[in-house]
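Working notes, structure below.
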Amino acid sequence: MTKMLRGLSRESGLSETAVEITSMNKWYGDFHALRDIDLTVRRGERIVICGPSGSGKSTMIRCINRLEEHQSGKIFVDGIELTSDLKNIEQVRREVGMVFQHFNLFPHLTILENCILAPIWVRKVPERQAREIAMHFLEKVRIPDQAHKYPGQLSGGQQQRVAIARSLCMKPRIMLFDEPTSALDPEMIKEVLDTMITLAEEGMTMLCVTHEMGFAQAVADRVIFMDQGQIVEQNEPKAFFRAPQSERTRTFLGQILGH
Amino acid sequence: MAMKSEASREPFHLSMLFNDSRYRGRTIQVIAFILLILTAAWLVDNTVRNLAALGKNFSFGFLWSTAGYDISPHAIAYSSTSTHARAAMVGLLNTLIVAAMACVTATVLGVLAGVLRLSNNWIVARLMTVYVESFRNVPALLWIIVVAAIMSEAMPTPSAFRGENPTASMVLWGSVAVTNRGIYLPVPDFSRSLGAFGELDLNYTAILGTLALSLLAHRCLVRRAQRVQGVSGQRPATWWKSSCIFAVPVIALLYALGFHLEYPALKGLNFAGGLLLRNSFIALWIGLSVYSGAFIAENVRSGILAISRGQTEAAHALGLSPRRTMRLVILPQALRIIVPPLISQFLDITKNTSLGLAVGYMDLRSTLGGITINQTGRELEAMLLMMLIYVSISLIISGVMNVYNSRVRLQER
Amino acid sequence: MNLRSVSWVRQEMVLPSARPTGQNGPLEWIRKNLFDGWLSTLLTVASMTALGWLAMAVAPWLGNSIWKANSLTECRQLLNGAPGACWGVIRDRWPQLLFGFYPAQLYWRPVLAFALLFAALAPVLFRLLPSRALWFSAAYPGIACWLIWGGSPWFQIVVSLGFAVAAGLFASTARINRGLGVSIASLGAALWWLYAAQPFSSGANSVFPIALEAVPSREIGGFLLSIIIGVTGIAMSLPLGILLALGRRSSLPLIQMLSVVFIEFIRGVPLITLLFTASLLLNYFLPPGTNFDLVLRVVIMVTLFASAYMAEVIRGGLAGLPRGQYEAAEALGLDYWKAQRLIILPQALKISIPGIVNTFIGLFKDTTLVMFIGLLDPIALAAAIRANTEWQGIYWELFIFIAAVFFIFCFGMSRYSMHLERRLKTDHR
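Chains as they are written, first to last, in numbering that gives the first Met the number 0: chain A, 0 to 258; chain B, 0 to 412; chain C, 0 to 428.
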């Protein structure tokens, strides 16, 4: 019954929950990397995840498009359960876009080719149409004039904006950001954050690992704090920053906001 | 919520063999395994039928029959009445001897050329570049044949040493004769020989034993020096002590054994006495050495260049002398880079000794993989055995390399 | 200037002046580069002496070069006892060293094939030309084969059609399942080659009998043979090497083990033993009665040999790619083979080009080993010429010629690969 509903709602695009994680655990060898994660993300919700390094933030969002495999618990993305079924994984990855810390643009392809590659080969969009889509999103991230350059010729901020456009070209319903600004020079952070804010304002479901607390305050619906592989605290940004509940959160916020 | 757990307990479908990441790997491996078995079965079946058609069987018994051919040089006792296994053993030893010698000379040549190529001296650096480029861009086989041709065509015949006015004379104070049949060297001999125990020559065993003991003593000395340095900060001079430790016992032993050199001398039409290095050996040895030396030179050069200037500058800034900088900072790092390709050069040299065929050197390939095959018609068995031996040699060499690599690997996060 | 005061302003700018004499110029250069310290001086003197001695020995020999002689005795008569090079042997025999016993009136065919090789390589190397040029590259092996061996072109055409059969079968079945498509396509191609190729080509030949004069393999020799073996070996080993490299990095233990065993075995034995396997043992492993051209057998073994080395080179290229590339491809939803084909291999192969060229240089030099199984490579031909009564006793001239040709090829290619390496370093961030 639930399954049927889910199927129905997926087709009509009405599903309320975009991501649902229940009691998920992950180990690297013997190391318990993610412990008992429970998280439900509503459609259109913008979530910022923060926490000290090694706390499992990246691992958690990488589990959502199965770049990492979880060992127990369940993950539903857009109503599809992530199992070892390759068809499901492929379907989920089609719906979930990801932006990496180090951009991971394909250096042997031009910007435009980077953007049309996946639509053509995964979504089977005709090339003309793929180009149109790509140019549309490149305009949106404000670098249409660089379309025929190679990634190596662009600045870090531009590369990251291209990476966002590349993900958007797949028309994803959910976007994952894995520390998108931490490899950037300070003066380039703003241009990337602006792009992300525009995206957020359009109602994209976003999960964003970042330490940009200004960004969290401006757009997030919810801030999640993780430590030692578990979710320690989550709250609306205002309450989260004004009155953190847990001692760990207070220490962490003190360290990153303290200077 | 109940439905969720159902989803993962989905009953097994055949399509999951390909679409489920848990089974897909196994499916592919099973298919690969079946294909492998089928191919192997096909090959074995063909071989069996071909052997049957030729009226042959598959057996290594031929190894224990009489070889009936001569091999020279032979490092262990061998005559034409020995077995094919013994012949293969002699061939293997010849392969290893020439490989080891070529490795040593190629390393010396390569290190020299590589270092000199980086020298500030313009003309020497250019000469070494010419050496490296010309030798590594021409096939090794050609170099071996060139050396063989020079030896056999341009060197004097033994008869040229004869008579009142010989056209050729021995070099190095009359001890070495270079002829078109090979080079005659003086050979060490012992007048109070200890004899032999089985196949073991006791004289050399004694010398090696003494050297090993000296080495042990030397290590004790160095360790003591290090301890003194650790305690007092002053390092006692060790060089003259360790030279004594090495030199005195060996010289004493040699004297006791009555060590002397037996010189080659003209007897009739040819030289007798001494040690004859045949043309085939010289051609293979020199040819491989100069060829591989060029490659080693490149490895050495790039190894030294790979150590950043910053390392030298940091060491100088700390006040280390250039010699100490080299020994304590540059060399340990450069060796890490140089040694692995050096060892794979050794591997190449060992495999390239099989080129001795072109000049008639009796190595493993010429004995087991050559004359033995011609005499017994056991090409399948002999070739397999020979390949196995070569593979084992190279596995041993790359094993050594792996041990080295794992010992010197930098500790990194 | 007041010593106590810290404040100071320059009134006049200092103009650049010439360096004191004796600190630059040729003399200073010589002092710095040739006589800088006793060791350097010693080295300079030693190398000058060696060079001088070499020049003294070689100059008269080269100076008295004799080009117009038809035998060594004639040459020696002309020299009249003086040292001198008898290049007559090269003038007399160079076609043989280049082509072996290939019929002289047909030399244009291998030359044309060689020239077309560059046309076929161009789109692969430069990627500037339209991708339509790749069709010519794909057709080149058949064309070259036909030009060199002659005979009827139908056989080559029918063999190439096998690939078309495979492609057609794959296109029509892959929609159902890719693995199924690959197996059906390869099965179809195999069936085509085994059963349809022969009747088709003979049929076509009887309808349109166009043919070049056939040249048997035993007449092909010299550098032509070296190039044939080297180029085919490297071209065919590339796909095999890619598969082996992917296999060695595979997460499937059996596949990985098979690749490692194959690679280490091939790299552990000398090429000679593989060549002897081609000439002595291959008949044991194939169905009774199979017998095919020795050159083809050698090419197969050389391909296997080169593919192991190629696999190691490509593995290095694959290892050089950052993990992020794999992850980004995966995150975009590309499956393993698509990710390899579109993202990973184009980059890994580009990084590996210098290594591939070096492998080719090594293989090209190693083609000389085919002399041991009775093929006529340049060195074997040199030996044959030296055994000839006319030129018995000559060696320097022949070896210098062969070495020079090898040097030109190998040195040129190694410079090219170094140039590529430098270019990669600058434009590949």
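Backbone N, C-alpha and C define an ideal beta-carbon position, used for all residues, glycine too.
Mind listing the chain B neighbours of residue i? Cutoff is C-beta to C-beta under 7 Å, in chain order.
i        : result
C/Asn32  : Asn119, Asn120 and Trp121
C/Pro286 : Asn45
Spell out whether any CB of chain B is found under 8 Å from the CB atom of residue i.
i        : result
C/Thr272 : yes
C/Val230 : no
C/Thr367 : yes
C/Asp292 : no
A/Asp84  : yes
C/Asn204 : no
C/Lys364 : yes
Apply the 10 Å Cβ neighbour rule to residue i and answer buried if 16 or more other Cβ atoms are within range, or exposed otherwise.
i        : result
B/Gly208 : exposed
C/Ser6   : exposed
A/Glu178 : buried
A/Gln128 : exposed
C/Ala166 : exposed
A/Ala17  : buried
A/Asp226 : buried
C/Phe275 : buried
C/Arg18  : exposed
C/Ala210 : exposed
B/Gly318 : exposed
If you drop the 5 nearest sequence neighbours on each side, which residues of the same chain put their C-beta closer than 8 Å to that of residue i?
i        : result
B/Gly67  : Ser79, Thr80 and Gln374
C/Ile401 : Leu96, Pro377, Ile378 and Ala381
C/Pro59  : Ala81, Pro82 and Gly83
C/Arg65  : The amino acid occupying residue 65 of chain C in the given sequence is Ile; Arg does not appear at that position. Cys74, Leu77, Leu78, Gly83, Ala84, Cys85, Trp86 and Gly87, listed in sequence order.
Could you check whether the Cβ of residue i sits closer than 8 Å to any Cβ belonging to chain A?
i        : result
B/Arg23  : yes
C/Pro59  : no
B/Ser391 : no
C/Ile183 : no
B/Ser20  : yes
C/Ile352 : no
C/Pro122 : no
Is it the case that the CB of residue i approaches a heavy atom of the ligand SAH more closely than 7 Å?
i       : result
A/Gln70 : Absent from the structure shown: the ligand SAH. Ligands present: none.
Ordered along the chain, which non-local residues of its own chain (more than five positions away) have a Cβ less than 7 Å from that of residue i?
i        : result
B/Ser288 : Ala101, Thr104, Ala105 and Leu108
C/Tyr394 : Arg385
C/Ser70  : Glu389 and Trp390
B/Asn136 : none
Give me, in chain order, the residues of the same chain whose beta-carbon lies closer than 6 Å to that of residue i; leave out the 5 immediate sequence neighbours on both sides.
i        : result
B/Ala454 : Residue coverage of chain B in this structure runs from 0 to 412, which leaves residue 454 of chain B outside it and unanswerable.
B/Arg191 : Leu256 and Gly257
B/Val89  : Ile70, His73 and Tyr77
Within the 8 Å Cβ cut-off, does residue i reach chain C?
i        : result
B/Phe17  : yes
B/Met382 : yes
B/Glu152 : yes
B/Pro486 : In the structure displayed, chain B extends from 0 to 412; residue 486 of chain B sits before or after that span and is not available.
B/Ile144 : yes
A/Asn64  : yes
B/Asn351 : yes
Taking Cβ-Cβ distances shorter than 8 Å, what residues in chain C pair up with residue i?
i        : result
A/Ala117 : Leu331, Gly332 and Leu333
A/Arg92  : Glu329, Ala330, Leu331 and Gly332
So which residues on chain A does residue i lean against when the C-beta distance must stay under 9 Å?
i        : result
C/Ala327 : Met97, Phe99, Phe102, Asn103, Leu104, Phe105, Ala162 and Arg165
Which chain C residues are close to residue i, counting only those with a beta carbon under 9 Å from its beta carbon?
i        : result
B/Gly368 : Ile271, Thr272 and Phe275
Report the neighbours of residue i on chain B: residues whose CB is nearer than 9 Å to its CB, in chain order.
i       : result
C/Asn63 : By Cβ distance, chain B contributes nothing, its closest Cβ being about 18 Å from C/Asn63, past 9 Å.
Could you name the residues of chain B that residue i contacts, counting a contact when the two beta carbons are closer than 8 Å?
i        : result
C/Asn282 : Asn49
Could you name the residues of chain C that residue i contacts, counting a contact when the two beta carbons are closer than 7 Å?
i        : result
A/Trp120 : Leu333, Lys337 and Leu341
> Should the stretch 286-295 of chain C be regarded as contacting the stretch 385-398 of chain B, the criterion being three or more beta carbon pairs within less than 8 Å?
Replying inline: no
> Quick one: any contact between the stretch 47-63 of chain B and the stretch 335-351 of chain B, if contact means 3 or more CB pairs under 8 Å?
Replying inline: no
> Does the stretch 310-323 of chain B touch the stretch 251-262 of chain B, meaning 3 or more C-beta pairs lie closer than 8 Å?
Replying inline: no
> Can at least three beta-carbon pairs, one atom from the stretch 57-73 of chain A and one from the stretch 235-255 of chain A, be found at a separation below 8 Å?
Replying inline: By the Cβ rule, the stretch 57-73 of chain A does not count as touching the stretch 235-255 of chain A, because fewer than three pairs are nearer than 8 Å.
> Is the stretch 161-181 of chain A in contact with the stretch 83-101 of chain A, if contact means three or more CB pairs nearer than 8 Å?
Replying inline: yes
> Taking contact to mean at least 3 C-beta pairs separated by less than 8 Å, is the stretch 235-249 of chain C in contact with the stretch 300-307 of chain C?
Replying inline: yes
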